[in-house]
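Undergrad: Residue numbers (this note's numbering): 5 to 276.
Just so you know, even glycine gets a beta-carbon here, dropped at the ideal spot from N, CA and C.
1. When you measure from the CB of residue 9 to every non-hydrogen atom of the ligand MN, does any distance come out below 7 angstroms?
2. Within the continuous alpha helix (DSSP H) that includes residue 218, where are the two ends?
3. Considering only the beta carbon of each residue, do residue 214 and residue 193 sit closer than 8 angstroms?
4. Compute the distance between the beta-carbons of residue 158 and residue 221, then report whether it is under 8 angstroms.
5. What's the gap between the Cα of residue 224 and the Cα of residue 55?
6. Compute the Euclidean distance between the alpha carbons of residue 109 and residue 119, then round it to the nearest angstrom.
7. Less than 6 angstroms between C-beta atoms, sequence neighbours within five positions excluded: which residues of the same chain meet that for residue 107?
8. Mind checking who residue 2 pairs with in its DSSP beta bridge?
9. Could you check the C-alpha separation between residue 101 and residue 200 for me, to the nearest Å?
10. Using the rule of at least 16 other Cβ atoms within 10 Å of the residue's Cβ for burial, across every protein chain shown, is residue 92 buried or exposed?
11. Does the structure place the segment 125–132 close enough to the segment 163–180 that three or more beta carbon pairs sit under 8 angstroms?
12. CA-CA distance, residue 232 and residue 209?
13. Looking at the structure shown, is residue 26 part of a helix, part of a strand, or coil, going by DSSP?
14. Does the Cβ-Cβ distance between residue 235 and residue 150 come in under 8 angstroms?
15. What three-state label does DSSP hand residue 138 in the structure shown?
16. In whole angstroms, what separates the C-alpha of residue 226 from that of residue 44?
17. I need the straight-line Cα distance from residue 180 to residue 207, nearest angstrom please.
18. Can you find the residues in the same chain that come closer than 6 angstroms, C-beta to C-beta, to residue 14, ignoring five residues on each side of it along the sequence?
19. Taking 8 angstroms as the cut-off, does the segment 25–39 touch the segment 79–96 (at least 3 CB pairs, one atom from each stretch)?
20. By how many angstroms is the C-alpha of residue 198 removed from the C-alpha of residue 238?
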C-alpha cells in the first residue's frame with residue numbers, strides 16, 4: 005500500500021489516497037501504521053475519500069485506532085497532499101470532516117490558511133459535564149485544583165493557563181485529565197503560558213495520541229481561551245515545541261482562522 009508521511013510543526017501524519025473505497029483500516033492496522041518501531045510512525049492516520057458534500061472527505065484516526073473529528077495541523081497536510089499528488093489543482097478546498105465542512109486555502113511557501121469555524125463554548129456541547137460557558141472554572145481533583153476553560157473546535161479541548169509551563173508534568177496530568185469523568189468523550193488537554201498580549205506558549209496532550217509537538221485545533225482553542233480570559237487580544241501567535249501558528253478569532257464573523265506550514269517528509273509503501 006502506498007502512503008505519504010507529512011508533518012505540520014512536528015505533528016506527523018500518514019496520508020493515504022482511499023478514494024476507491026478499498027482501504028478500510030482495522031484498529032490493528034492503524035496501530036501498526038502509527039507504530040514508530042514496527043510501522044511508519046505517526047500521531048494520526050488520514051485517508052482521502054470521495055465526498056458528496058465537499059471537494060473531498062478526510063477520514064481521521066488517532067494512533068490508538070480511535071476516530072477523531074478534526075485536526076488543524078492535519079488538515080493543512082491533507083490539503084497540500086491532494087495538490088501535491090495532483091489529485092486536484094484547486095488552491096481552495098472544502099473538506100468534509102466529522103466536525104463539518106472545513107475550508108482551506110493553500111498559500112505560497114508551504115503555508116496553508118484554514119477557516120476552522122466558530123468555537124463552541126457551551127459546556128454540554130463541548131462536551132463537559134458543567135453547565136454554561138466554562139471559562140476559568142475551578143475544578144478540584146485528586147491531583148490538585150485546576151482553572152479550566154473549555155472550547156470545542158469540532159473536537160473537545162480544555163485549556164489551563166500557568167506561569168510555570170515547563171514545570172507541568174504533562175505525562176502525568178495529560179492522561180489523568182483526558183480521561184477524567186468530567187469529560188464524557190475524553191478531551192484534549194493544553195497547558196499554556198501567556199507571554200504577552202500577542203504571544204502564547206502551549207504544550208499539548210492529545211486525546212488518543214498523547215504528547216505532541218504541536219496541535220492545530222489545540223492552538224485555536226488556546227487562542228480563544230486566552231481571549232475569553234482577557235489575557236490577550238483576538239489575534240495571537242501560539243508557540244509550540246514544533247513551531248508557531250498564527251491564530252485569529254475574527255470578531256465580525258466569530259470564526260477562527262489558522263495559518264501554518266505543512267511539509268511532506270517522505271513517501272513509501274508498506275504491507276498491511
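TA: Looking at the coordinates:
1. The ligand MN is absent from the structure shown, which contains no ligand whatsoever.
2. If you look at residue 218, you'll find it isn't in any alpha helix (DSSP H); DSSP assigns it neither H nor E.
3. Contact: no.
4. At a Cβ-Cβ threshold of 8 angstroms, residue 158 and residue 221 count as neighbours.
5. About 26 angstroms.
6. Cα to Cα, residue 109 sits roughly 8 angstroms from residue 119.
7. Counting only Cβ-Cβ distances below 6 angstroms, and skipping sequence neighbours, we find 98, 119.
8. Only positions 5 to 276 of the chain appear in this structure, which leaves residue 2 out of reach.
9. C-alpha of residue 101 to C-alpha of residue 200: approximately 34 angstroms in a straight line.
10. With fewer than 16 other Cβ atoms inside 10 Å of its own Cβ, residue 92 counts as exposed.
11. Using a C-beta cut-off of 8 angstroms, the segment 163–180 makes no contact with the segment 125–132, since fewer than three inter-stretch Cβ pairs fall below that distance.
12. Whole-angstrom Cα-Cα distance: 21 angstroms.
13. Coil, per DSSP.
14. With contacts defined by Cβ atoms closer than 8 angstroms, residue 235 and residue 150 do not form a contacting pair.
15. Three-state result, residue 138: coil.
16. Near 30 angstroms, if we compare the C-alpha coordinates of residue 44 and residue 226.
17. Cα to Cα, the separation comes out at about 15 angstroms.
18. Leaving aside the five residues that flank residue 14 on each side, the residues in its chain whose CB is nearer than 6 angstroms to its CB run, in chain order, 217, 218, 246.
19. The segment 79–96 and the segment 25–39 do not touch, with fewer than 3 CB-CB distances between them shorter than 8 angstroms.
20. Going by the C-alpha atoms only, they are around 13 angstroms apart.
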